[in-house]
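Enquirer:
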Amino acid sequence: MRKNENNKNIAVIYWSNSENTEIMAEKISNGIDETGQKADLYNVSQFPIERIEDYDKVALGCPSMDGEALEKNTFEPFFEEIESRLKGKKVALFGSYGWGNGEWMRDWEDRIGHTGARLFDEGLMIKEFPDDAGRHACVEFGKAFASF
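Residues -16 to 131 (the numbering used here) are what the sequence shown spells out, left to right.
1) Quick check on this structure: which residue in Glu33, Ser47, Ile15 and Glu86 has the alpha carbon closest to the alpha carbon of Glu2?
2) Enumerate in chain order the residues of its own chain whose CB-to-CB distance from Ala100 is below 6 Å, with the five nearest sequence positions on each side excluded.
3) CB Asn(-8) to CB Lys10, shorter than 7 Å?
4) Which whole runs of the alpha helix (DSSP H) in the stretch 46 to 96 are 4 residues long or more, in chain order?
5) Taking the alpha helix (DSSP H) that Ile6 belongs to, which residues open and close that run?
6) Could you check if Pro113 is buried or exposed, using at least 16 other CB atoms within 10 Å of its CB as the buried criterion?
7) Considering only C-alpha positions, which residue in the set Asp49, Phe30, Trp87 and Ala42 is nearest to Asp104?
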């Protein structure tokens, strides 16, 4: 895929176990699209690692799992693979959680800080299923990230 130099697409890549983070990813993509930019939405298992080079902006989504950590079997290995390739990119983080206080997101933000990427705002966290207010927050997050 050739990048449009005037209006590059934004990758939204997520892992979801209960569809909560998937819904967040879809709504964030909708927000990006509403700005006139184009979101490319991927489940992490369908994203070709080498494609990360095609994007200047990447939104990554993963719920809190196993005591406030990134999902360890699929998402964590994916993130470890792309971590060194994020330098200079603009990165947004999002995910759902069921309990805890968001430690997994703060840890993830810290990791992004060591990659040389530019972190967009604080990661967006939604407790459990995204209700109407949560879905609206995701759309607004996508719009804001598109203009970052």
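Cβ coordinates follow ideal geometry from the N, Cα and C atoms, glycine included.
Expert: This is what the structure holds:
1) Minimum Cα distance to Glu2 is reached at Ser47.
2) Closer than 6 Å at Cβ, skipping near neighbours: Leu69, Lys72 and Val74.
3) Against a cut-off of 7 Å, the Cβ pair of Lys10 and Asn(-8) comes out as no contact.
4) Counting only runs of 4 or more, we get 58 to 66 and 86 to 96.
5) Annotation for Ile6: the continuous alpha helix (DSSP H) segment containing it runs Asn3 to Glu17.
6) By the neighbour-count definition (other C-beta atoms within 10 Å, threshold 16), Pro113 is a buried residue.
7) Taking only the C-alpha atoms, the option nearest Asp104 is Ala42.
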